[in-house]
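This report concerns only the one structure given below.
Number of protein chains: 2
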Amino acid sequence: MENKEEFMNQAIELASESVLKSYGGPFGAIVVKDGKIVGRGQNKVTSTKDPTAHAEVVAIRDACKNLNTFLLTDCDLYASCEPCPMCFGAIYWARIKRVYYSATQHTASHFGFNDGWIYHEVALPIENRQVQFIPLLPEQGDVPFKIWDTKQNRIEY
Amino acid sequence: MENKEEFMNQAIELASESVLKSYGGPFGAIVVKDGKIVGRGQNKVTSTKDPTAHAEVVAIRDACKNLNTFLLTDCDLYASCEPCPMCFGAIYWARIKRVYYSATQHTASHFGFNDGWIYHEVALPIENRQVQFIPLLPEQGDVPFKIWDTKQNRIEY
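Going line by line, the protein sequences match chains A and B. FYI, the numbering used here numbers position 84 of the first sequence as 120, with every residue one higher than the one before it. FYI, the numbering used here numbers position 100 of the second sequence as 136, with every residue one higher than the one before it.
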């Protein structure tokens with residue numbers, strides 16, 4: 037029943053529309069569950085002034101709203117381009133099952149998007165990154181986790 | 037003028053409050069510009085049913101809204117815990133200048149949060165990841181980028 041190519045074409049059309057309508061960069065994504073589209077996203081970084089409004093994040097948030105859950109366990113994501121590390125993390129936290137992608141991070145980088153550089157940076161030891169990550173009050177950071185650890189009826193994710 | 041320890045304590049207090057008020061996991065973050073707090077975030081994954089509502093993402097979105105921009109170029113982020121790869125990506129896309137963090141990804145993993153695993157996965161070759169990333173219609177994915185490349189008055193980010 038499921039037409040993977042059709043879903044991908046729709047993700048790519050969303051990407052083209054995002055540029056043509058000046059929503060943001062050339063990226064689109066769709067979340068599919070049981071052969072049906074349950075979430076859609078287009079890059080809206082510049083139009084909504086939100087650097088996290090990548091197509092995949094927008095599509096995941098849309099699917100979660102539509103399905104009333106923070107877990108997309110049995111869902112697939114169709115992305116017009118290989119997800120960046122931010123979207124990669126969102127995919128893992130949402131427990132997306134499979135990711136289909138069309139263009140690659142190398143294409144994104146070729147056209148001026150920093151995907152490749154961020155993939156390089158995220159894999160580096162913390163002291164070698166271009167953005168400084170500085171430890172501060174390390175001993176106090178355990179406190180919220182200890183409260184969490186003893187909390188009754190906590191909802192894990 | 038800037039009191040780094042005070043900002044970090046506020047981020048940690050936001051993290052504890054997130055657990056105590058059942059907003060979500062034990063994470064808080066603050067964005068600071070010119071010695072003033074311009075954005076605040078608490079983990080709200082479970083209460084808002086949004087897997088992307090990590091403290092850092094929420095704080096970055098809040099700061100962008102308050103400053104009316106998608107670029108936080110001269111801002112620092114104070115996070116109660118070392119950011120996960122999703123938040124790492126958000127930090128890079130927002131052009132955050134420096135990141136101060138208290139607890140580490142190892143503490144997060146110890147208390148049941150998948151940060152360490154996702155850091156491991158994001159650095160793997162695409163074919164070795166636990167979540168399948170599958171190329172589909174690779175030749176069509178260039179189309180939105182080519183539209184982008186020829187667009188007049190495009191806003192880069």
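C-beta atoms are modelled at their ideal positions from N, C-alpha and C, and glycine is treated no differently.
So, helix, strand or coil for residue i, using DSSP?
{"i": "residue 154/A", "result": "helix"}
{"i": "residue 101/A", "result": "helix"}
{"i": "residue 72/B", "result": "strand"}
{"i": "residue 78/A", "result": "strand"}
{"i": "residue 260/A", "result": "Coverage of chain A is limited to positions 37 through 193, which leaves residue 260/A absent and any answer about it impossible."}
{"i": "residue 175/B", "result": "coil"}
{"i": "residue 130/B", "result": "coil"}
{"i": "residue 185/A", "result": "helix"}
{"i": "residue 10/B", "result": "This structure cannot settle anything about residue 10/B, because the visible part of chain B is limited to 37 through 193."}
{"i": "residue 125/A", "result": "helix"}
{"i": "residue 119/B", "result": "coil"}
{"i": "residue 37/A", "result": "A caution first: residue 37/A carries a pLDDT of 44, below 50, which makes its placement in the model unreliable, though a value can still be read off. Here residue 37/A sits in coil by DSSP."}
{"i": "residue 107/A", "result": "coil"}
{"i": "residue 43/A", "result": "helix"}
{"i": "residue 58/B", "result": "coil"}
{"i": "residue 191/B", "result": "coil"}
{"i": "residue 180/A", "result": "helix"}
Assign residue i to one of two classes, buried (16 or more other C-beta atoms within 10 Å of its C-beta) or exposed (fewer than that).
{"i": "residue 86/A", "result": "buried"}
{"i": "residue 178/B", "result": "buried"}
{"i": "residue 92/A", "result": "buried"}
{"i": "residue 191/B", "result": "exposed"}
{"i": "residue 109/A", "result": "exposed"}
{"i": "residue 186/B", "result": "exposed"}
{"i": "residue 113/B", "result": "buried"}
{"i": "residue 37/A", "result": "With a pLDDT of only 44 at residue 37/A, under 50, the local geometry of the prediction cannot be trusted, and the value read off the model is given with reservation. Exposed."}
{"i": "residue 189/B", "result": "exposed"}
{"i": "residue 148/B", "result": "exposed"}
{"i": "residue 182/B", "result": "exposed"}
{"i": "residue 121/A", "result": "buried"}
{"i": "residue 180/B", "result": "buried"}
{"i": "residue 56/B", "result": "exposed"}
Excluding the 5 residues flanking residue i on each side, which residues of the same chain have their C-beta closer than 7 Å to its C-beta?
{"i": "residue 83/B", "result": "58, 59 and 60"}
{"i": "residue 111/B", "result": "67, 68, 69, 74, 99, 132 and 133"}
{"i": "residue 123/A", "result": "90, 92 and 93"}
{"i": "residue 126/B", "result": "92, 93 and 96"}
{"i": "residue 103/B", "result": "74"}
{"i": "residue 44/B", "result": "114, 136 and 138"}
{"i": "residue 142/A", "result": "152"}
{"i": "residue 76/A", "result": "50, 66, 95 and 98"}
{"i": "residue 193/A", "result": "106"}
Report the partner residues of residue i according to the DSSP bridge assignment.
{"i": "residue 170/B", "result": "136/A"}
{"i": "residue 64/A", "result": "78/A"}
Since residue i is in the alpha helix (DSSP H), which residue starts that stretch and which ends it?
{"i": "residue 162/A", "result": "Note, residue 162/A: premise wrong, no alpha helix (DSSP H); not H, not E."}
{"i": "residue 90/A", "result": "Residue 90/A -> no alpha helix (DSSP H), and no H or E assigned at all."}
{"i": "residue 145/B", "result": "141 to 146"}
Identify, in the order they occur along the chain, each residue of the same chain with its Cβ nearer than 6 Å to the Cβ of residue i, setting aside the five sequence neighbours on each side.
{"i": "residue 116/A", "result": "47, 48, 51, 63, 64 and 138"}
{"i": "residue 169/A", "result": "162"}
{"i": "residue 107/A", "result": "131"}
{"i": "residue 144/A", "result": "117 and 151"}
{"i": "residue 165/B", "result": "157"}
Enumerate in chain order the residues of its own chain whose CB-to-CB distance from residue i is below 8 Å, with the five nearest sequence positions on each side excluded.
{"i": "residue 140/B", "result": "117 and 118"}
{"i": "residue 79/A", "result": "51, 54, 59, 60, 61, 62, 63, 64, 89, 90, 91 and 94"}
{"i": "residue 129/A", "result": "193"}
{"i": "residue 154/A", "result": "120, 121 and 122"}
Using a Cβ-Cβ distance under 8 Å, would residue i count as near chain E?
{"i": "residue 77/B", "result": "Protein chains A and B are contained in the structure displayed, whereas chain E is not."}
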